[in-house]
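Following UniProt numbering, the numbering of the sequence shown begins with 1 at its first residue and continues without gaps.
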Amino acid sequence: MRAVVVRGFGGPEVLQIAELPAPEARPGHVLIDVDRAGVNFADILMREGTYITEITLPCVLGSEVVGKRRSDGRRVLAFTMRGGGYAECAVAPRGTTFTVPDAIDDGAALALAVQGNTAWHLLHTCARIRRKESVVIFAAAGGVGTLAVQLARQAGAGRIIAAASTPAKRRLALELGADVTVDSASADHLAERLIDANGGHRVDIVLEMTGSPSLTASLEALAPFGRLLVFGYASGRAATLDTRDVLAGSKSVMGFALPQIYPRRGMLAHSMNELWNAALSGALTPHVGGQYPLSEIQRAHMDLQARRTTGKLLLDPAR
Numbered sequence: 001m002r003a004v005v006v007r008g009f010g011g012p013e014v015l016q017i018a019e020l021p022a023p024e025a026r027p028g029h030v031l032i033d034v035d036r037a038g039v040n041f042a043d044i045l046m047r048e049g050t051y052i053t054e055i056t057l058p059c060v061l062g063s064e065v066v067g068k069r070r071s072d073g074r075r076v077l078a079f080t081m082r083g084g085g086y087a088e089c090a091v092a093p094r095g096t097t098f099t100v101p102d103a104i105d106d107g108a109a110l111a112l113a114v115q116g117n118t119a120w121h122l123l124h125t126c127a128r129i130r131r132k133e134s135v136v137i138f139a140a141a142g143g144v145g146t147l148a149v150q151l152a153r154q155a156g157a158g159r160i161i162a163a164a165s166t167p168a169k170r171r172l173a174l175e176l177g178a179d180v181t182v183d184s185a186s187a188d189h190l191a192e193r194l195i196d197a198n199g200g201h202r203v204d205i206v207l208e209m210t211g212s213p214s215l216t217a218s219l220e221a222l223a224p225f226g227r228l229l230v231f232g233y234a235s236g237r238a239a240t241l242d243t244r245d246v247l248a249g250s251k252s253v254m255g256f257a258l259p260q261i262y263p264r265r266g267m268l269a270h271s272m273n274e275l276w277n278a279a280l281s282g283a284l285t286p287h288v289g290g291q292y293p294l295s296e297i298q299r300a301h302m303d304l305q306a307r308r309t310t311g312k313l314l315l316d317p318a319r
């Protein structure tokens, strides 16, 4: 089978197409003929060797696929757990494999997988969002952001503030339901601009994935008992927080990594069901921003890393 292999950490050039033996399904796993695979920013960190967990080389990246289960031909969405999605065939645990409703296409299904579940758990499991609370969403035109804007609106958020780096991305966030936008391309006076966007009031919830300096500004903009949820560090610059800033405002800072919910019985199944229902009802519209042939995986990574994309990116392993 054709697959994308990483044999050494580095830039997009380390992503190489190779012919590999098809994987075999271990007990408790299923074999899937992949129709589309998802591309995530975490894949870039894995490729670079800077991900939050250790990556063993050589490896095939890709944490989510849509395709046909080899045993019965059923169309499924699967979280592969150990990578392997950038390929014509992939293996996934039965417990993280879900039948895709007929009315949801492959791209929408993949958008709801890693990004959809991340957005859902950030708002509901971590932030425990309440009606009328204000929410700041960084990278609001990205895979997580486009869904978080809609889910926050569905949850009854009082004011949704979308932070994005270009006018086009900010327009997309407004179309999806944000109340106001903030230019995140500049860090100058960012905390003050977030507060101004909330009518002069400090904000209740911030979903942040870029790292320093926006994380520091987000903490400064939080209201008493506000919650700052950290789910990435796309800038590559980690922020150091002063615990006095947390104590003084009774503020909370919490990290979130989606793989932590996989072994917790029922958590992924519950959020996946909520996302399916929201998409089927029309309350949630997944945004697919681009589709690349497997042979152009290097370009996909370059476009994502340069922030030239919006929404969910897909790979077609047949091309």
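All residues carry an ideal CB built from backbone N, CA and C; glycine is no exception.
Residue from the options whose Cα sits closest to the Cα of residue i
i, options, result
"VAL180", "ILE160, GLU24 and PHE9", "ILE160"
"LEU172", "LEU147, ALA191, LYS132 and ARG193", "LEU147"
"GLU13", "ARG2, ALA300, THR309 and LEU123", "ALA300"
"ALA318", "ALA37, ARG26, ALA185 and ARG264", "ALA37"
"ARG26", "ARG202, PRO93 and PRO213", "PRO93"
"PHE79", "LEU45, VAL230, VAL66 and VAL182", "VAL66"
Contact under 8 angstroms by Cβ, residue i with residue j
i, j, result
"ALA103", "PRO286", "no"
"VAL4", "CYS89", "no"
"ILE137", "ALA155", "no"
"SER134", "ASP204", "yes"
"ALA217", "LEU194", "yes"
"LEU314", "LEU110", "yes"
"THR310", "ALA141", "yes"
"MET254", "ALA139", "no"
"ALA42", "LEU77", "no"
Bridge partner(s) assigned by DSSP for residue i
i, result
"MET254", "LEU229"
"THR243", "DSSP output for THR243 lists no bridge partner at all."
"GLY311", "GLY142"
"ASP316", "PRO293"
"ARG2", "GLU19"
Residue i, DSSP secondary structure in three states
i, result
"THR97", "strand"
"ALA217", "helix"
"ALA187", "coil"
"PRO27", "coil"
"THR181", "strand"
"LYS132", "coil"
"ASP33", "strand"
"GLU175", "helix"
"ILE104", "coil"
"ILE195", "helix"
"LEU57", "coil"
Checklist entry - How about the segment 223-238 and the segment 249-269: do they share at least three Cβ pairs that are nearer than 8 angstroms? => result Taking 8 angstroms as the limit for Cβ pairs, the verdict is that the segment 249-269 does touch the segment 223-238.
Next on the checklist: Under 8 angstroms, with one C-beta from each stretch per pair, do the segment 116-127 and the segment 267-277 reach the 3-pair mark?
Outcome noted: Output reads yes: the segment 267-277 touches the segment 116-127.
Next on the checklist: Tell me whether the segment 119-132 and the segment 289-304 touch, counting them as touching only if at least three CB pairs, one residue from each stretch, are closer than 8 angstroms.
Outcome noted: Short answer: they don't touch.
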